[in-house]
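A.B. asks:
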Amino acid sequence: MDRTFCIAPMMGRTDTHFRNLCRFASKHAVLFTEMVHSNALLKNKRIDKYIQKTDIENPVVFQLGGCEPKDLAEATKIINENKYDEINLNVGCPSPRVKSGGFGAFLMYEPTKVKNCLSAMTASSDIPVTAKIRLGVDNQDIEETLDNFTEIILKSGIRTLYVHARKGMLEGLNPKENRNIPPLNYERVYRLKEDFPDIEIILNGGLSNFLEDKKKLQLVDGLMYGRYVCEKPYELTKVDKIFYQSINETEIETLVMMMEKYLIENQDLGFSGYLIKRHMVNFFKGFSYSKKIRQIILSDNLNVDEIIRILKKKDLLVA
Numbered sequence: 006m007d008r009t010f011c012i013a014p015m016m017g018r019t020d021t022h023f024r025n026l027c028r029f030a031s032k033h034a035v036l037f038t039e040m041v042h043s044n045a046l047l048k049n050k051r052i053d054k055y056i057q058k059t060d061i062e063n064p065v066v067f068q069l070g071g072c073e074p075k076d077l078a079e080a081t082k083i084i085n086e087n088k089y090d091e092i093n094l095n096v097g098c099p100s101p102r103v104k105s106g107g108f109g110a111f112l113m114y115e116p117t118k119v120k121n122c123l124s125a126m127t128a129s130s131d132i133p134v135t136a137k138i139r140l141g142v143d144n145q146d147i148e149e150t151l152d153n154f155t156e157i158i159l160k161s162g163i164r165t166l167y168v169h170a171r172k173g174m175l176e177g178l179n180p181k182e183n184r185n186i187p188p189l190n191y192e193r194v195y196r197l198k199e200d201f202p203d204i205e206i207i208l209n210g211g212l213s214n215f216l217e218d219k220k221k222l223q224l225v226d227g228l229m230y231g232r233y234v235c236e237k238p239y240e241l242t243k244v245d246k247i248f249y250q251s252i253n254e255t256e257i258e259t260l261v262m263m264m265e266k267y268l269i270e271n272q273d274l275g276f277s278g279y280l281i282k283r284h285m286v287n288f289f290k291g292f293s294y295s296k297k298i299r300q301i302i303l304s305d306n307l308n309v310d311e312i313i314r315i316l317k318k319k320d321l322l323v324a
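Quick look at the structure:
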């Protein structure tokens with residue numbers, strides 16, 4: 006799987022509808038699910054809402070949370086049955102819930118436990134298992150602990166790490182603050198790649214300029230974008246041309262018509278139109294006529310022709 010460009014797992018954002026709309030914009034970007042705890046798959050009779058995906062979403066990665074090797078292994082088996090391309094263990098989420106549950110970024114304190122979790126998952130999987138980590142947590146010295154942590158967890162057999170280039174602060178900062186306040190340290194990620202040249206390192210954290218960020222691919226194997234593509238998902242139409250040598254960007258008219266088709270098909274299946282439309286409107290944030298487009302999308306009768314007419318205006322601007 007080509008991990009040159011990845012869209013990060015984000016709670017409340019990267020559901021199946023968001024992923025489908027992203028796929029209409031880019032054929033090649035690697036998509037992630039929201040994090041799902043292993044207990045959600047093992048203790049609920051109906052797991053469709055956690056597992057559901059469409060075939061066009063691939064390549065798509067299922068992100069698991071948890072800290073019990075046996076439970077993670079059983080959850081891994083379920084995911085293997087549902088046509089995902091990879092399973093990723095969350096070792097980077099710094100929310101209070103993950104701290105109290107002993108998973109997510111809290112696991113940065115316990116490399117041997119992470120290794121055991123990943124080993125159990127790998128033994129139960131026919132698809133690649135990976136991990137998403139931070140540089141460290143709290144008062145850890147990232148120059149000392151990160152290489153040691155990496156060396157231990159690689160004994161599980163995994164060959165790919167997604168690295169958020171910040172520390173996670175489990176005390177004093179909430180999840181939103183943890184995405185902004187701890188300083189970015191790309192250089193530490195580059196040194197990690199130098200120290201472990203045989204594994205794949207995907208850089209995550211604060212990336213927001215495709216052309217400038219592409220230069221970083223000389224130092225790491227891939228890039229992972231989070232908030233930037235949520236705030237400006239229309240930028241995804243440029244991904245295949247910039248990162249994958251496609252001749253053209255995705256045409257906006259094509260994107261709109263694919264969205265309409267997806268909306269109609271899913272409403273016919275009983276899905277709430279709003280669950281899809283809430284993602285659709287974000288694709289036009291920053292356009293000079295975004296308010297008008299938003300009104301059309303959220304109306305009872307979606308008028309695609311009117312949207313396309315607006316998008317063809319000569320004074321259309323994208324911020």
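The sequence shown begins at 6 in my numbering and counts up by one.
Every residue, glycine too, gets a C-beta built ideally from N, C-alpha and C.
(1) Under a CB-based cut-off of 9 Å, is T21 close to chain D?
(2) Per DSSP, which residues does I157 bridge with? Please list them.
(3) Taking the straight line between their C-alpha atoms, what separation do you get for E148 and K317?
(4) Can you tell me which of the three DSSP states A128 falls into?
(5) Would D131 be called buried (16 or more neighbouring beta carbons within 10 Å of its own) or exposed?
(6) Rounded C-beta distance between S43 and A80? I'm assuming under 8 Å.
(7) Got a sec, what are the start and stop residues for the alpha helix (DSSP H) K282 sits in?
(8) Inspect the beta-carbon positions of V134 and L189 and report whether they are closer than 9 Å.
(9) Is D76 buried or exposed, if buried means 16 or more other CB atoms sit within 10 Å of its CB?
(10) In terms of residues, what are the limits of the beta strand (DSSP E) holding L402?
(11) If you drop the 5 nearest sequence neighbours on each side, which residues of the same chain put their C-beta closer than 7 Å to that of K198?
(12) Check the DSSP bridge columns for H42 and list the partner residues they point to.
(13) Counting pairs of beta carbons, one from the stretch 62–70 and one from the stretch 31–51, are three or more of them closer than 8 Å?
(14) With distances taken from CA atoms, which of D218, P202, D200, L228 is nearest L208?
(15) What separation, rounded to the nearest whole angstrom, lies between the Cα atoms of K243 and G291?
(16) Taking the continuous alpha helix (DSSP H) assigned at E182, which residues delimit it?
(17) Taking only three categories from DSSP, how would you classify I298?
(18) Which same chain residues end up closer than 6 Å to A45 when comparing Cβ atoms and leaving out the 5 residues on each side of it in sequence?
(19) If we count the other Cβ atoms within 10 Å of its Cβ and call it buried at 16 or more, is N183 buried or exposed?
(20) If you measure between the beta carbons of F288 and Y233, is that distance less than 9 Å?
(21) Let's test the definition: count the other Cβ atoms within 10 Å of the Cβ of L212 and tell me whether it reaches 16, buried, or not, exposed.
(22) Pick out whichever of I83, I313, V309, K246 has its Cα sitting closest to the Cα of F10.
(23) Use the C-beta contact count for S129: other C-beta atoms within 10 angstroms, 16 or more gives buried, fewer gives exposed.
(24) Helix, strand or coil: how does DSSP classify E205 here?
(25) On a CA-only basis, which of T127, V309, R51, D143 is nearest I269? Give me that one, please.
(26) Considering only their Cβ atoms, is the gap separating A125 from A78 smaller than 9 Å?
C.D. replies: According to the structure shown:
(1) Protein chain content of the structure displayed is limited to a single chain, and chain D is not contained in it.
(2) When beta bridges are read from the DSSP output, I157 appears opposite no residue.
(3) 52 Å
(4) Residue state, collapsed to three classes: helix.
(5) exposed
(6) For S43 against A80, the beta-carbon gap comes to about 4 Å, under 8 Å, which counts as contact.
(7) 278–285
(8) no
(9) buried
(10) As shown, the chain starts at 6 and ends at 324. That puts residue 402 outside it, with no answer to give.
(11) I206, L224, V225
(12) G70
(13) The stretch 62–70, when compared against the stretch 31–51, does touch it at the 8 Å Cβ threshold.
(14) The shortest Cα separation from L208 among D218, P202, D200, L228 belongs to L228.
(15) 16 Å
(16) First-last of the alpha helix (DSSP H) with E182: 180–183.
(17) helix
(18) Y55
(19) With 16 or more other Cβ atoms within 10 Å, it is buried.
(20) no
(21) buried
(22) Of I83, I313, V309, K246, the residue nearest in Cα terms is K246.
(23) buried
(24) strand
(25) V309
(26) Yes.
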